[in-house]
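Participant: Those sequence lines, one after another, are chains A and B. All letters in the first sequence, in the order written, are residues 39 to 150 by the numbering used here. All letters in the second sequence, in the order written, are residues 353 to 469 by the numbering used here. Encoded as structure tokens, here's the structure I'll be asking about.
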Amino acid sequence: DAKTTQPNSMESNEEEPVHLPCNHSTISGTDYIHWYRQLPSQGPEYVIHGLTSNVNNRMASLAIAEDRKSSTLILHRATLRDAAVYYCILRDGGLGNNDMRFGAGTRLTVKP
Amino acid sequence: GAVVSQHPSRVICKSGTSVKIECRSLDFQATTMFWYRQFPKQSLMLMATSNEGSKATYEQGVEKDKFLINHASLTLSTLTVTSAHPEDSSFYICSASSTRGSRSEAFFGQGTRLTVV
Chain A
39 DAKTTQPNSM ESNEEEPVHL PCNHSTISGT DYIHWYRQLP SQGPEYVIHG LTSNVNNRMA
99 SLAIAEDRKS STLILHRATL RDAAVYYCIL RDGGLGNNDM RFGAGTRLTV KP
Chain B
353 GAVVSQHPSR VICKSGTSVK IECRSLDFQA TTMFWYRQFP KQSLMLMATS NEGSKATYEQ
413 GVEKDKFLIN HASLTLSTLT VTSAHPEDSS FYICSASSTR GSRSEAFFGQ GTRLTVV
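Take a look at the structure:
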């Protein structure tokens, strides 16, 4: 998997939007951008993924730069339950490299 | 979302014994399964990837004979920690994906906290 770079930590206020950045300058044409989050003492939870176009689902939005070298996960209204470690991962959409490795992620703190 | 069930959620075993952890995809066929371990305050470390119908591919530094992985069917994978020692104490997590490659998302089990005494 190509490497991703995320800030170690971020803070947000409750009910405000949060923009979590991810840099992936060595992304290849077949790499999908995946986001997962992990709450304390739980397995990770899928958030969203995309290839080129921006994506929206009930949890979040994913904004992908035109050159695909960076992306931003957007939580529209942070709640205390969104406090977690957020991981941005690149995965090859082809049938070759099939693994899924995690970086350090961003620890999001939500203040009431 | 899809459900991946991991069992047990917590286990304590004596040093030298073996422990088996099960990972089941409840409502989809898992073509690919991943096994991770996670130490406190650290990220997930990939141990091995198994594709249905193939032997597991282990990451460098992970002992195949110690961490036995069996992808028995499209809905079940097991991780057996053999001759466990205190340094094997960790949080073990499985993940399942319905297609090879990353066109679909992966779903994770709840994790198993292993304590070897």
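Note that CB positions come from ideal geometry on N, CA and C, so glycine has one too. A quick note: this is a predicted structure, and the numbers were derived from the prediction, not measured.
What are the start and end residues of the beta strand (DSSP E) that includes A172 (chain A)?
Facilitator: Residue 172 (chain A) falls outside the range modelled here, since chain A spans only 39 to 150, and no answer is possible.
Participant: Nearest chain B C-beta to R119 (chain A) closer than 9 Å, yes or no?
Facilitator: no
Participant: Cβ closer than 8 Å: which chain A residues qualify as neighbours of G405 (chain B)?
Facilitator: Result: empty, since nearest Cβ-Cβ is about 13 Å, beyond 8 Å.
Participant: How should H62 (chain A) be labelled, buried or exposed, when 16 other C-beta atoms within 10 angstroms of its C-beta is the threshold for buried?
Facilitator: buried
Participant: Examine chain A for any beta-carbon lying closer than 9 Å to the beta-carbon of G413 (chain B), and answer yes or no.
Facilitator: no
Participant: Quickly, what does DSSP pair G463 (chain B) with across the bridge? List them, please.
Facilitator: In DSSP, G463 (chain B) forms no bridge with anything.
Participant: If you reduce the DSSP assignment to three classes, tell me which class P45 (chain A) lands in.
Facilitator: coil
Participant: DSSP state of D69 (chain A), grouped into three classes?
Facilitator: strand
Participant: Starting from F459 (chain B), find everything on chain A with Cβ-Cβ shorter than 7 Å and list it in chain order.
Facilitator: Y84
Participant: For chain A, find out if any of its Cβ atoms is closer than 9 Å to the Cβ of Q381 (chain B); answer yes or no.
Facilitator: no
Participant: Measure the Cβ-Cβ separation of T409 (chain B) and D105 (chain A) and say whether it is below 9 Å.
Facilitator: no
Participant: Give me the DSSP bridge partner(s) of V356 (chain B).
Facilitator: B:S377
Participant: Going by C-alpha distance, which of A:L128, A:V56, A:C126, A:S47 is nearest T117 (chain A)?
Facilitator: Nearest C-alpha to T117 (chain A): A:V56.
Participant: Output, in chain order, the set of chain A residues within a Cβ distance shorter than 7 Å of G463 (chain B).
Facilitator: Q80, G81
Participant: How would you call S429 (chain B), buried or exposed, if buried means at least 16 neighbouring beta carbons within 10 angstroms?
Facilitator: buried
Participant: Mind pulling the chain A residues with CB within less than 8 Å of L472 (chain B)?
Facilitator: The structure shown does not extend to residue 472 (chain B), since chain B is modelled only from 353 to 469, so the question has no answer here.
Participant: Below 9 Å on C-beta distance, what does G67 (chain A) contact in chain B?
Facilitator: None at all; the shortest Cβ gap to chain B is about 13 Å.
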